[in-house]
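Student: After the structure tokens below, expect a handful of questions from me.
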């Protein structure tokens, strides 16, 4: 049970940080492109560079979060995925190394790592990809 509480604690802490620091509205470049893909269900190809998996998840997310504007909602999807990645890293380290200090340290470092934090605060596919990779590592 302490492992589950630890993971939930890291999820809550990371989600709070990413939710508070998430972009408030539309952004340029990939964030705008991905928002348009999700809004219109556009799948230019099944190539990983066109983010078809992310687009399908984001489209479903928009369907269950109609109270937010699409850009904000998709930024928050990244926040949830980023927080899940932090919690999953805690679990991966805890299960593989058996050391709670290392698990807490790793989760804390990932939570505030610039690249991860950035990917969890804007509409991007990185946080979801990280969470899925860590889920596979469990």
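Residue numbers (my numbering): 247 to 384.
Ideal placement from N, C-alpha and C gives every residue a C-beta, glycine not left out.
Please read these numbers as outputs of a predicted model, since none were measured by experiment.
(1) Leaving aside the five residues before and after residue 377 along the sequence, list all residues of the same chain whose C-beta is less than 8 angstroms from its C-beta, in chain order.
(2) Which word fits residue 351, buried or exposed, when buried means at least 16 other C-beta atoms lie within 10 angstroms of its C-beta?
(3) Please identify the residue among 289, 371, 365 whose C-alpha is closest to the C-alpha of residue 234.
(4) Tell me the rounded alpha-carbon separation between residue 321 and residue 300.
(5) Please return the same chain residues whose Cβ sits closer than 6 angstroms to the Cβ of residue 256, not counting the five positions on each side in sequence.
Tutor: So, from the listed chains and residues:
(1) 327, 328, 330, 331, 334
(2) exposed
(3) Residue 234 falls outside the range modelled here, since the chain spans only 247 to 384, and no answer is possible.
(4) 13 angstroms
(5) 332, 333, 336, 353
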